[in-house]
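Working notes for the structure below.
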Amino acid sequence: MAHEQDAAHGGWDEARPTARLLLADGTLIEGDGLGAVGAAAGELCFNTAMTGYEEILTDPSYAGQIITFTFPHIGNVGVNDDDVETVNMAGASGVRGAVFAADVTSPSNWRATRDLDAWLKARGIVAIAGVDTRALTALIREKGMPNAVIAHAPDGRFDDVAIKSALDGFAGLEGQDLVPLVGATQRYGWDEAGWTWPGAYGARPEGVEPKRVVAVDYGLKRNILRMLTTAGCEVTVLPATATAEEVLALDPDGVFLSNGPGDPAATGAYAVPMIQGVLEKKIPTFGICLGHQMLALAVGGTTKKMRQGHHGANHPVKDLTTGKVEITSMNHGFAVDRDSLPASARETHVSLFDGSNCGIELTDRPAFSVQHHPEASPGPQDSHYLFHRFVGMMDERKA
Numbered sequence: 001m002a003h004e005q006d007a008a009h010g011g012w013d014e015a016r017p018t019a020r021l022l023l024a025d026g027t028l029i030e031g032d033g034l035g036a037v038g039a040a041a042g043e044l045c046f047n048t049a050m051t052g053y054e055e056i057l058t059d060p061s062y063a064g065q066i067i068t069f070t071f072p073h074i075g076n077v078g079v080n081d082d083d084v085e086t087v088n089m090a091g092a093s094g095v096r097g098a099v100f101a102a103d104v105t106s107p108s109n110w111r112a113t114r115d116l117d118a119w120l121k122a123r124g125i126v127a128i129a130g131v132d133t134r135a136l137t138a139l140i141r142e143k144g145m146p147n148a149v150i151a152h153a154p155d156g157r158f159d160d161v162a163i164k165s166a167l168d169g170f171a172g173l174e175g176q177d178l179v180p181l182v183g184a185t186q187r188y189g190w191d192e193a194g195w196t197w198p199g200a201y202g203a204r205p206e207g208v209e210p211k212r213v214v215a216v217d218y219g220l221k222r223n224i225l226r227m228l229t230t231a232g233c234e235v236t237v238l239p240a241t242a243t244a245e246e247v248l249a250l251d252p253d254g255v256f257l258s259n260g261p262g263d264p265a266a267t268g269a270y271a272v273p274m275i276q277g278v279l280e281k282k283i284p285t286f287g288i289c290l291g292h293q294m295l296a297l298a299v300g301g302t303t304k305k306m307r308q309g310h311h312g313a314n315h316p317v318k319d320l321t322t323g324k325v326e327i328t329s330m331n332h333g334f335a336v337d338r339d340s341l342p343a344s345a346r347e348t349h350v351s352l353f354d355g356s357n358c359g360i361e362l363t364d365r366p367a368f369s370v371q372h373h374p375e376a377s378p379g380p381q382d383s384h385y386l387f388h389r390f391v392g393m394m395d396e397r398k399a
């Protein structure tokens with residue numbers, strides 16, 4: 001590190017660390033700050049993906065969390081607008097902070113339009129580099145996801161009282177409905193399809209009668225919408241607070257329940273009645289992540305907080321209907337309690353890491369859901385069949 005002269009004492013002091021990460025158990029980690037200046041409290045988790053840091057940092061499902069990246073080289077390919085997952089590209093995703101092992105270097109990629117540090121500043125995300133992320137990951141695995149505060153002060157001078165107060169004031173994610181922070185507030189349409197080489201997004205396939213799909217936004221990712229469009233759907237997005245009457249008024253062929261952050265039970269307080277109204281009309285329904293948990297709650301199931309959660313792009317999930325094992329992307333800290341599910345909800349997918357529930361289908365109504373993220377393409381196409389299954393369900397109902 002560089003040195004700075006202490007004029008008052010005529011000596012030399014080591015440069016101060018410019019970032020801090022304070023955990024609820026009192027563990028204090030110091031490093032080099034980047035991104036936004038200030039302090040932010042959140043739940044500390046880790047993500048094991050080796051690629052896709054921009055998608056992770058713009059995934060609304062991470063609202064209220066500080067993400068530790070286990071892969072050491074973050075930021076080396078820069079950022080660009082094409083890889084942003086929030087529907088409003090300029091909007092915040094709700095991510096509170098990021099923890100990196102190595103210092104962020106200048107971007108080296110033909111698609112890069114900006115460096116990560118400036119991008120983090122613009123999005124209000126506080127970050128720390130120079131951390132032993134392997135040790136931090138081991139701590140989270142042993143003790144669970146702790147509450148924490150991440151702080152960045154370019155001059156290295158921190159208000160310890162304010163940081164401790166922020167930590168004490170963060171109640172954690174249980175009981176928290178974070179959907180209003182990241183979800184849509186008004187209706188809108190979507191017609192952008194999947195990415196094609198060398199770098200453009202297409203449109204809905206021609207020559208195919210489009211399926212009218214209402215997507216309920218609990219924190220939608222852009223690539224979910226693209227996958228629906230690519231599969232031949234004409235998508236209208238409604239806010240999470242939409243009623244069954246508002247959804248059914250659009251005469252949808254199918255209803256999609258999106259991913260999102262926070263405690264499913266808290267969101268379900270207002271989301272479940274709408275889903276139950278749609279299921280009563282036997283409209284084909286498909287849910288992902290929080291949408292999966294919402295479907296489970298709507299049929300009488302419950303959810304529970306996980307000790308470490310699942311965050312990464314290398315999670316093996318078994319499809320019990322086919323016996324196939326998929327490599328999936330996951331991002332969730334709550335899970336559906338399979339023991340709470342009614343007989344009409346059949347388990348279809350399970351995690352091969354810990355055996356937790358990863359999918360259900362209803363036996364008395366045309367509805368199914370998965371906990372993992374097929375649109376994130378970690379396999380890369382292992383789970384894309386789920387979108388075609390949804391379209392097939394709509395075709396069958398129309399026939």
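The numbers in UniProt numbering rise by one with no breaks, and the one at position 326 of the sequence shown is 326. Virtual Cβ for every residue (Gly too), placed ideally from N, Cα, C.
Contact annotation, residue 262 with residue 177: C-beta distance approximately 5 Å; criterion of less than 8 Å satisfied. Distance between residue 386 and residue 151, taken at the CA atoms: about 41 Å. Excluding sequence positions up to five before and after residue 196, its CB lies within less than 8 Å of the CB of 202, all in the same chain and listed in chain order. If only complete runs of 4 or more residues are kept, the region 275-346 shows the alpha helix (DSSP H) at 290-298, in order along the chain. Assignment of residue 174 by DSSP, reduced to helix, strand and coil, places it in the coil class.
Per DSSP, residue 221 lies in no alpha helix (DSSP H) and is assigned neither H nor E.
As summarised for the region 349-374, there are no continuous alpha helix (DSSP H) elements at least 4 residues long confined to that stretch. When secondary structure is reduced to three states using DSSP, residue 107 falls in the coil class, being assigned neither helix nor strand. Only residues of its own chain outside the window of five on either side were considered, and among them none has a CB closer than 6 Å to the CB of residue 246. In the three-state DSSP reduction, residue 34 falls in the strand class (E or B). The Cβ-Cβ distance between residue 74 and residue 104 falls below 8 Å. Per the C-alpha coordinates, the member of 395, 235, 336 and 91 positioned closest to residue 121 is 91. DSSP, read as helix, strand or coil, puts residue 73 in coil.
Cβ contact annotation for residue 283 (same chain, cutoff 7 Å, sequence separation greater than five): 252, 254 and 255, in chain order. Using a C-beta cut-off of 8 Å, the region 307-326 makes no contact with the region 273-289, since fewer than three inter-stretch Cβ pairs fall below that distance. Residue 289 and residue 14 have their alpha carbons spaced roughly 47 Å apart. Taking a contact to require three or more Cβ pairs closer than 8 Å, the region 67-87 and the region 326-341 do not qualify as touching. Here residue 387 carries a helix assignment [DSSP, helix/strand/coil]. 8 Å or more divides the Cβ of residue 18 from the Cβ of residue 172. When Cβ pairs closer than 8 Å are counted between the two stretches, the region 160-174 is seen not to touch the region 44-54, the count staying below three. Counting along the chain, residue 123 sits inside the alpha helix (DSSP H) bounded by residues 116-123. If you draw a straight line from the Cα of residue 123 to the Cα of residue 224, it comes to about 22 Å. With respect to the C-alpha of residue 231, the residue from 384, 352, 366 and 241 having the closest C-alpha is 384. Closest in alpha carbon position to residue 357, among 367, 53, 142 and 302, is 302. Counting other Cβ atoms within 10 Å of its Cβ, residue 373 reaches 16 or more and is therefore classed as buried. Taking a 10 Å sphere around the C-beta of residue 138, we find fewer than 16 other C-beta atoms and assign the residue as exposed. The residues 326 and 327, in chain order, have a CB closer than 6 Å to that of residue 382 in the same chain once the five nearest residues on each side in sequence are set aside. Per the DSSP secondary-structure output, residue 47 pairs in a beta bridge with 69. Exclusion of the five residues before and after residue 190 leaves 225, 229, 235 and 237 as the residues of its chain whose Cβ lies within less than 7 Å of its Cβ.
Of the candidates 396, 101 and 108, 108 places its Cα closest to the Cα of residue 76. Counting of Cβ neighbours within 10 angstroms places residue 21 among the buried residues, the total reaching 16 or more.
The beta-carbon separation of residue 240 and residue 267, rounded to 7 Å, stays under the 8 Å limit for a contact.
Residue state for residue 139 is assigned as helix, using DSSP reduced to three classes. Its chain contains 68 as the residues whose beta carbon lies nearer than 6 Å to that of residue 136, once the 5 sequence neighbours on both sides are disregarded; these appear in chain order. The bridge partners DSSP lists for residue 195 are 201. Straight through space, the alpha carbons of residue 367 and residue 298 are spaced by roughly 11 Å.
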